[in-house]
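The opening residue of the sequence shown carries number 14 in the working numbering; numbering runs sequentially from there. What follows is one structure encoded as structure tokens, with my remarks underneath.
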Amino acid sequence: MKFKLFSIGLITTIIATLGLNLTTQRVQAESRYQFYCGQSYDATANQRFPATKARTTRGQIVLIQWQRVDVPGYSPQRRCREISPRFQQAYNNGTLNLITNAKINGQSVICTTKEYGGNCVTVLMTLQPKDNSLQILNDLRDILNLRQVGPIKHSSAIPQIYYQIDLEDLMRNAPLEQER
Numbered sequence: 014m015k016f017k018l019f020s021i022g023l024i025t026t027i028i029a030t031l032g033l034n035l036t037t038q039r040v041q042a043e044s045r046y047q048f049y050c051g052q053s054y055d056a057t058a059n060q061r062f063p064a065t066k067a068r069t070t071r072g073q074i075v076l077i078q079w080q081r082v083d084v085p086g087y088s089p090q091r092r093c094r095e096i097s098p099r100f101q102q103a104y105n106n107g108t109l110n111l112i113t114n115a116k117i118n119g120q121s122v123i124c125t126t127k128e129y130g131g132n133c134v135t136v137l138m139t140l141q142p143k144d145n146s147l148q149i150l151n152d153l154r155d156i157l158n159l160r161q162v163g164p165i166k167h168s169s170a171i172p173q174i175y176y177q178i179d180l181e182d183l184m185r186n187a188p189l190e191q192e193r
């Protein structure tokens with residue numbers, strides 16, 4: 014009797030473990046790209062900076078190097094840690110392919126949307142009043158559309174603009190980070 018109960022318990026554990034592993038593999042397969050905060054080397058500054066990066070099957074792509082302290086208490090590392098997961102969230106909810114600049118609660122933001130003229134779905138980053146949201150949006154668009162080589166170096170009455178992004182092309186063709 015004890016052997017039978019042990020066998021049933023063991024079989025149940027194996028089935029539960031297989032189910033959990035299959036679910037984990039399915040989630041990882043659905044999320045082909047992983048956006049995260051890491052470190053990136055800037056050769057001109059001869060220094061490493063926190064960076065929003067994308068992990069692909071080809072390697073790592075650096076999207077934003079966080080070099081500037083915007084607000085006391087918001088170090089480049091903190092900005093990187095807080096903003097990088099937003100790129101993953103936007104990717105997961107299918108909106109990272111349409112980005113725009115907008116104002117939310119009186120603050121300029123870069124965000125994603127589901128359609129032209131649509132509201133923000135995921136706020137990627139809140140900007141400082143001195144930031145030119147259109148310039149940052151253009152830089153981000155150029156990075157995501159492979160028109161600019163290298164990351165945005167966030168060290169820097171505007172109309173709202175929408176940009177379509179070919180995320181698959183970016184992940185297939187963007188230059189990979191060179192490890193140092």
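No residue lacks a Cβ here, since even glycine has one placed at the ideal position from N, Cα and C. In this text, all values refer to a predicted model and were calculated from it rather than measured experimentally.
Name, in chain order, the residues that DSSP records as bridge partners for residue i.
i      : result
ASP55  : GLN60
ASN114 : ILE123
THR135 : THR125
PHE48  : ALA67
TYR104 : Answer is none; TYR104 lacks a bridge partner.
Is DSSP giving residue i helix, strand or coil here?
i      : result
SER121 : strand
ILE178 : coil
LEU183 : helix
LEU140 : coil
GLN78  : strand
GLN73  : strand
THR36  : Caution applies to THR36, whose pLDDT of 41 falls short of 50 and renders its modelled position unreliable; the model cannot decide the point.
GLN191 : coil
Are the Cβ atoms of residue i and residue j separated by less than 7 Å?
i      : j      : result
PHE48  : SER97  : yes
VAL150 : ILE123 : For the record, residue 150 in the displayed sequence is Leu; it is not Val. A contact, by the Cβ cut-off of 7 Å.
ARG99  : LEU147 : no
SER53  : GLN90  : no
LEU157 : LEU189 : no
LEU180 : LEU109 : yes
Measuring alpha carbon to alpha carbon, tell me which of the options ends up nearest residue i.
i      : options                        : result
LEU140 : GLY130, ASP155, ILE178, THR113 : THR113
TYR176 : SER88, GLY86, ARG154, GLN78    : ARG154
GLU192 : CYS124, VAL75, ASN105, ALA58   : VAL75
ASN105 : ASP182, ARG185, ARG45          : ARG45
ASN59  : LYS143, GLN80, ASP152, GLY72   : GLN80
ASN145 : ASN186, LYS116, GLU128, GLY51  : LYS116
ALA67  : CYS50, THR57, GLN120, ALA56    : CYS50
Just to check my reading of the structure: residue i and residue j have Cβ atoms closer than 8 Å, yes? What is that Cβ distance to the nearest angstrom?
i      : j      : result
THR126 : GLN102 : Rounded, the Cβ-Cβ distance is 14 Å, inconsistent with contact.
THR65  : CYS93  : 6 Å
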